[in-house]
Amino acid sequence: MKNLTRHIVLFSIVVGLSATACKDSKKENAQETASVEKIVPENLKWSERMMLSEIERFPEATKLDFSEEPRWTYTPGLVLSACSRVYEQTKNQKYYDYIYDYANTLIDSTGNIDTYKLSNQNLDMIKSGDVLLYLYPKTKEERFLIAMQTLNKQLESQPKTSDGGYWHKKRYPYQMWLDGLYMAEPFHAHYAKDYIEDDAKRQQVYNDVVLQFDLIQKHSRDEKTGLLYHGWDESKEQQWANKKTGNSQNFWSRGMGWYGMAMVDVLDFLPENHPGRARIITYLNQYAEAISKVQDQSGLWWQVLDQGKREGNYLEATGTAMFTYTLAKGVRKGYLPEKFLDVANKGYNGILENLISVEDNGVVNLNKCCAVAGLGGNPYRDGSFEYYINEPIRSNDPKGTGPFIMASLELNK
54 MKNLTRHIVL
64 FSIVVGLSAT
74 ACKDSKKENA
84 QETASVEKIV
94 PENLKWSERM
104 MLSEIERFPE
114 ATKLDFSEEP
124 RWTYTPGLVL
134 SACSRVYEQT
144 KNQKYYDYIY
154 DYANTLIDST
164 GNIDTYKLSN
174 QNLDMIKSGD
184 VLLYLYPKTK
194 EERFLIAMQT
204 LNKQLESQPK
214 TSDGGYWHKK
224 RYPYQMWLDG
234 LYMAEPFHAH
244 YAKDYIEDDA
254 KRQQVYNDVV
264 LQFDLIQKHS
274 RDEKTGLLYH
284 GWDESKEQQW
294 ANKKTGNSQN
304 FWSRGMGWYG
314 MAMVDVLDFL
324 PENHPGRARI
334 ITYLNQYAEA
344 ISKVQDQSGL
354 WWQVLDQGKR
364 EGNYLEATGT
374 AMFTYTLAKG
384 VRKGYLPEKF
394 LDVANKGYNG
404 ILENLISVED
414 NGVVNLNKCC
424 AVAGLGGNPY
434 RDGSFEYYIN
444 EPIRSNDPKG
454 TGPFIMASLE
464 LNK
């Protein structure tokens with residue numbers, strides 16, 4: 054009997070210890086799960102989830118383009134433009150601080166922009182001026198105004214083609230690229246609206262802004278497809294340029310994406326009564342028709358837009374996000390018919406279904422982003438189909454995450 058009692062006691066102790074261990078294990082697992090979920094909560098909208106993911110990946114906005122050192126360039130400006138819209142919707146101070154830290158790091162007390170050289174006459178460097186246009190009215194810090202004025206001086210002295218088109222960069226003479234319309238024109242129109250007091254000078258800026266769209270339509274639009282070639286060389290001397298037209302060879306997805314965003318954003322600042330406004334809206338409608346025709350059944354768009362399933366081509370994230378944003382905003386603002394909202398939603402759903410992945414900690418990734426593409430330079434980029442499909446592909450390129458956030462906001466996702 055004593056042995057039986059002893060066995061019962063021992064069994065009870067073992068069961069008790071096992072239960073305690075099991076409870077401790079469950080508690081630890083629950084704590085681990087809770088700590089993982091804290092980074093990016095999944096109950097937020099996609100716009101905020103992606104913005105928080107960007108901050109997690111790049112705690113310093115100056116390094117948003119995978120940079121090791123802080124630098125003034127267009128990609129942080131793109132993501133921070135998106136961030137400012139998330140902040141205005143949520144009023145989460147974390148987003149405002151992220152924007153402010155970028156400008157605070159790169160603009161010194163005298164208004165000098167670190168790593169920027171006006172003499173390079175590089176349109177890409179104008180884009181981050183949007184950060185200053187956003188911050189100055191809120192902070193009234195004179196250094197931000199001075200930095201904006203410097204960027205405006207660049208545009209006032211930017212080299213031009215014979216008919217008035219801005220060179221993309223000083224080292225790319227006589228060339229207009231689709232990219233440049235987005236990099237410079239929304240800033241230029243916004244700056245003129247808010248900071249140029251002389252009516253005649255302000256009107257001249259508006260005229261110059263509209264002229265850039267008129268010229269790129271004239272020189273780069275293909276009448277058959279309605280798509281625009283990535284670049285145009287007035288001199289026709291570049292290896293990538295058609296010797297008759299000066300155009301590059303292909304319709305690059307992100308190039309067209311830049312152009313679409315340029316149109317819907319510049320219209321925010323062009324006066325209702327400006328004669329060029331209606332033309333840009335016409336261009337936007339033509340554009341919407343053209344890109345809708347080359348949308349894949351998945352909702353996504355191809356890296357080389359009109360060459361579908363040609364071997365090596367792929368469904369690309371940055372261009373798709375840009376098209377989705379452009380169409381959604383165009384419909385919301387009344388520039389485009391409602392039918393294009395269906396195209397935008399199809400594009401957005403295609404991104405979610407095919408290009409988005411979520412880590413265990415909630416961090417959101419945007420995959421299949423073309424890392425970079427251009428024309429000319431060294432090593433030489435010839436604008437061929439093979440060139441575009443062989444540029445590096447990576448996840449979470451800011452040229453995709455920024456437009457994805459903006460598209461999410463437009464679609465209230």
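Start counting the sequence shown at 54; every next residue gets the next number (our numbering).
Where is the CB? At the ideal position from N, CA and C, for every residue including glycine.
None of these values were measured; they are calculated from a predicted model.
Among Ala374, Lys386, Tyr440, which has the Cα closest to the Cα of leucine 408?
Ala374
Please state the DSSP three-state secondary structure of asparagine 366.
coil
Local Cβ density within 10 Å of glycine 429, reported as buried at 16 or more and exposed below that
buried
Where isoleucine 92 sits in the DSSP three-state scheme:
Judged by DSSP in its simplified three-state form, isoleucine 92 adopts coil rather than helix or strand.
When DSSP builds the beta bridges, which residues end up paired with aspartate 286?
Gln228
Whole-angstrom distance between phenylalanine 376 and tyrosine 225, CA atom to CA atom
27 Å
Would you list, in sequence order, the uninterrupted alpha helix (DSSP H) runs of no fewer than 4 residues that lie entirely inside the stretch 237-312?
With a minimum length of 4 residues, the continuous alpha helix (DSSP H) runs that stay inside the stretch 237-312 are 252-273.
Whole angstroms are fine: how far does the CA of asparagine 338 sit from the CA of leucine 280?
12 Å
Reducing DSSP to helix, strand and coil, say where arginine 330 ends up.
helix
If I measure Cβ to Cβ from leucine 171 and keep anything under 6 Å in the same chain, skipping five residues before and after, which residues do I get?
Hits under 6 Å: Gln207.
Quick one: give me the first and last residue of the alpha helix (DSSP H) that leucine 419 is part of.
Note, leucine 419: premise wrong, no alpha helix (DSSP H); beta strand (DSSP E) at 417-419.
What is the rounded straight-line gap between the Cα of serine 301 and the Cα of alanine 237?
21 Å
Coil, strand or helix - glycine 372 by DSSP:
helix
If we call anything under 8 Å between Cβ atoms a contact, is valine 417 one with arginine 102?
yes
Grab the span of the beta strand (DSSP E) containing valine 411 for me, first residue to last.
409-411
Terminal residues of the continuous alpha helix (DSSP H) containing isoleucine 166?
Note, isoleucine 166: premise wrong, no alpha helix (DSSP H); not H, not E.
Compute the Euclidean distance between the alpha carbons of glutamine 174 and tryptophan 220, then round it to the nearest angstrom.
8 Å
Cutoff 7 Å; reference methionine 309; Cβ partners in own chain excluding five residues on either side:
Leu231, Leu280, Leu281, Ile344, Leu358, Gly372
With a cut-off of 8 Å, do at least 3 Cβ pairs link the stretch 320-334 to the stretch 395-402?
no
Answer with buried or exposed for glutamate 369, where buried requires no fewer than 16 other C-beta atoms within 10 angstroms of its C-beta.
buried
Continuous alpha helix (DSSP H) stretch holding glycine 217: start and end:
It is not in any alpha helix (DSSP H) - glycine 217 carries neither H nor E in the DSSP assignment.
Who are arginine 434's beta bridge partners in DSSP?
Gly429
Opposing strand residues paired with arginine 447 [DSSP bridges]
Cys422
Can you tell me the Cβ-Cβ gap for proline 239 and alanine 315, rounded? I've got them flagged as a contact below 8 Å.
7 Å
Coarse secondary structure for alanine 74, derived from DSSP in three states:
Its pLDDT being 45, under 50, alanine 74 is placed unreliably in this model, and the coordinates cannot settle the point.
Rounded C-alpha distance that separates lysine 296 from aspartate 286
9 Å
Name the residue from Pro432, Arg385, Phe457 whose alpha carbon lies nearest to the alpha carbon of asparagine 420.
Phe457
DSSP three-state call for glycine 455: helix, strand or coil?
helix
Terminal residues of the continuous alpha helix (DSSP H) containing arginine 102?
First-last of the alpha helix (DSSP H) with arginine 102: 99-110.
Quick one: does the C-beta of lysine 193 sit closer than 7 Å to a heavy atom of the ligand FMN?
No copy of the ligand FMN occurs in the structure displayed, which carries no ligand at all.
When the Cα atoms are used, what is the spatial distance from asparagine 443 to leucine 117?
23 Å
Contact between the stretch 128-144 and the stretch 163-170: three or more CB pairs below 8 Å?
At 8 Å Cβ cutoff, the stretches do not touch.
In whole angstroms, what is the alpha-carbon distance linking leucine 186 and threonine 115?
17 Å
Are there 16 or more other CB atoms within 10 angstroms of the CB of valine 425, so buried, or fewer, so exposed?
exposed
Going by other Cβ atoms of all chains shown within 10 Å of its Cβ, with 16 needed for buried, is serine 461 buried or exposed?
buried
How far does the alpha helix (DSSP H) with threonine 128 in it extend, from its first residue to its last?
Run containing threonine 128: 127-143, per the alpha helix (DSSP H) assignment.
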